[in-house]
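Enquirer: Encoded as structure tokens, here's the structure I'll be asking about.
Numbering (UniProt numbering), first residue to last: 1 to 387.
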């Protein structure tokens, strides 16, 4: 049995921005008020008849009772997907430029104590990697680093964003949570979107999986999307790592988090990522909360119905067949030509580093495009015009 009573989750470290937000408290209160509800089949059917769903309807669709109505949920989700996104599937690729980390996530290959080969690309190496990625046809890049401001400073990441703007029409970043002034600098350098996974929305689970490091601050992390939007970013991404905790709780709070931010910042583009835990080097041996394909698919359908305008991203943590299925009903964005290691694309870097996790779908960009077209989907590299 896992002992999750380890220390106390830190609210803020001295250098962290504190913003006026009640979203964290709203998520806790909403889940506390609904957790003991016994969902009946009639509740699920009533929720499926609605056009605009409230929080309780969303919980109904996530419930085990709703698993008996996947066909009906699938039809409604697919209708909403086609209505608001057509058959379009947006393609992007991650680019890891450094894997140094100062956190201690028990399940992650990048964590500080992990005995992996560390690397940090210099300017020329970053540009070589970007050229190699752009040659595949990708027009949207997601720049990633380990969570270490010491090794991957804001200036270092900003320089990478400036380079990326030369080769890609859309630039996203997935780095450590930062302050508003830092996000302003990154936006001015060419970044368009900020993605940060909360990982777990359950405080006890969060407390266990992150023993030390700045990631200990649960509230600072949960406020990240708001700080990015305050800094002028046009879009933000949310995510929970499924396998760390009860999937219904994680999905419920994830969906509510995205909806509350969307309500508070109506101009913002909202994206939701749904990763499942994957094998990696250097992780602790842990007992995860397994989530099977059926439940995972149900969660995607529920999110699509609850948040019809949100982009839903499915990464290469999932295999080809599952991703192809999810795209038809709920997902709107997938990665292609993925490599989670450092400096492997161009093969010109002297400083190659190990990967963060093992991927399950290694298709090239061309292979992904071919498969999407085979079942009537339309690959889209970007829908933005840079002026």
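Idealized CB from N, CA, C, for every residue including glycine.
When you compare only the Cα positions, how much space is there between residue 261 and residue 69?
Expert: Straight across, the Cα-Cα distance linking residue 261 with residue 69 is about 29 Å.
Enquirer: Does DSSP put residue 272 in a helix, a strand or coil?
Expert: strand
Enquirer: Counting only C-beta atoms, is residue 186 closer than 8 Å to chain C at any point?
Expert: The structure shown contains no chain C, having only a single protein chain.
Enquirer: Around the Cβ of residue 14, are there at least 16 other Cβ atoms within 10 angstroms (buried) or fewer (exposed)?
Expert: exposed
Enquirer: Below 8 Å, can you find three or more Cβ-Cβ pairs linking the stretch 109-121 to the stretch 61-77?
Expert: no
Enquirer: Are the CB atoms of residue 343 and residue 144 nearer to each other than 8 Å?
Expert: No, they are not a contact pair.
Enquirer: Sort 20, 12 and 28 by Cα distance to residue 253 and report the nearest one.
Expert: Residue 28 is the option with its Cα nearest to residue 253.
Enquirer: DSSP on residue 35, reduced to helix/strand/coil?
Expert: coil
Enquirer: Any idea which residues DSSP pairs residue 400 with across the strands?
Expert: Any answer about residue 400 is impossible in this case: the structure gives the chain only from 1 up to 387.
Enquirer: Taking its Cβ as the centre, do 16 or more other Cβ atoms sit within 10 Å of residue 40, making it buried, or is it exposed?
Expert: exposed
Enquirer: Which residues does DSSP pair with residue 14 in a beta bridge?
Expert: In DSSP, residue 14 forms no bridge with anything.
Enquirer: Taking the C-alpha atoms as reference points, what is the distance between residue 207 and residue 378?
Expert: 42 Å
Enquirer: Using a Cβ distance threshold of 8 Å, determine whether the stretch 124-133 contacts the stretch 191-208, with at least three qualifying pairs required.
Expert: No contact exists between the stretch 124-133 and the stretch 191-208.
Enquirer: Using DSSP with H/G/I as helix, E/B as strand and the rest coil, what is residue 29?
Expert: helix
Enquirer: Per the contact definition of three or more C-beta pairs closer than 8 Å, is the stretch 326-345 in contact with the stretch 285-295?
Expert: no
Enquirer: Report the CB separation of residue 209 from residue 199 in whole angstroms; it is logged as a contact under 8 Å.
Expert: The Cβ separation is near 7 Å, so the contact holds.
Enquirer: What three-state label does DSSP hand residue 297 in the structure shown?
Expert: helix
Enquirer: Select from 241, 43 and 228 the residue whose C-alpha is nearest the C-alpha of residue 205.
Expert: 241
Enquirer: Among the candidates 196, 165, 213 and 214, whose CA atom is the shortest distance from the CA of residue 229?
Expert: 196
Enquirer: What's the C-alpha gap between residue 212 and residue 11?
Expert: 13 Å
Enquirer: Taking only heavy atoms of the ligand GDP into account, decide whether any of them is closer than 7 Å to the Cβ of residue 215.
Expert: No copy of the ligand GDP appears in this structure; indeed no ligand is present at all.
Enquirer: Alpha carbon to alpha carbon, how far is residue 257 from residue 22? Give it in angstroms, no decimals.
Expert: 11 Å
Enquirer: Drop a sphere of 10 angstroms on the beta-carbon of residue 150, count the other beta-carbons inside from all chains shown, and report buried for 16 or more, exposed for fewer.
Expert: Here residue 150 is exposed. Its C-beta has fewer than 16 other C-beta atoms within 10 Å.
Enquirer: Cutting at 7 Å between CB atoms, please list the residues of its own chain near residue 139, excluding the five before and the five after it.
Expert: Hits under 7 Å: 168, 169, 170, 381 and 382.
Enquirer: So, under 8 Å CB-CB, residue 101 and residue 148 are touching, yes? Tell me the CB distance rounded to an integer number of Å.
Expert: Right, their Cβ atoms sit about 5 Å apart.
Enquirer: Could you give the distance in angstroms between the alpha-carbon of residue 287 and the alpha-carbon of residue 152?
Expert: 31 Å
Enquirer: Throw me the rounded Cβ distance for the residue 53 and residue 306 pair, which I believe falls under 8 Å.
Expert: Beta-carbon to beta-carbon, residue 53 and residue 306 are separated by about 5 Å, close enough to satisfy the 8 Å threshold.
Enquirer: DSSP three-state label for residue 382, please.
Expert: Residue 382: coil per DSSP, three-state reduction.
Enquirer: Classify residue 354 as helix, strand or coil using the three-state DSSP reduction.
Expert: Unreliable positioning characterises residue 354 in this predicted model, as indicated by a pLDDT of 49, which lies under 50. The coordinate reading is nonetheless provided below. Residue 354: coil per DSSP, three-state reduction.
Enquirer: On a CA-only basis, which of 87, 302 and 158 is nearest residue 97? Give me that one, please.
Expert: 158
Enquirer: Shortest alpha-carbon distance to residue 33 belongs to which of 99, 55 and 154?
Expert: 55
Enquirer: Short of 7 Å in beta carbon distance, which residues of its chain neighbour residue 309, apart from the five on each side in sequence? Order them along the chain.
Expert: 84
Enquirer: Report the CB separation of residue 243 from residue 276 in whole angstroms; it is logged as a contact under 8 Å.
Expert: 6 Å
Enquirer: Measuring straight from C-alpha to C-alpha, what distance separates residue 163 and residue 217?
Expert: 31 Å
Enquirer: When the Cα atoms are used, what is the spatial distance from residue 369 to residue 297?
Expert: 22 Å
Enquirer: Under 8 Å by Cβ, that's how I've got residue 301 and residue 329 pegged, so tell me the actual separation to the nearest angstrom.
Expert: For residue 301 against residue 329, the beta-carbon gap comes to about 6 Å, under 8 Å, which counts as contact.
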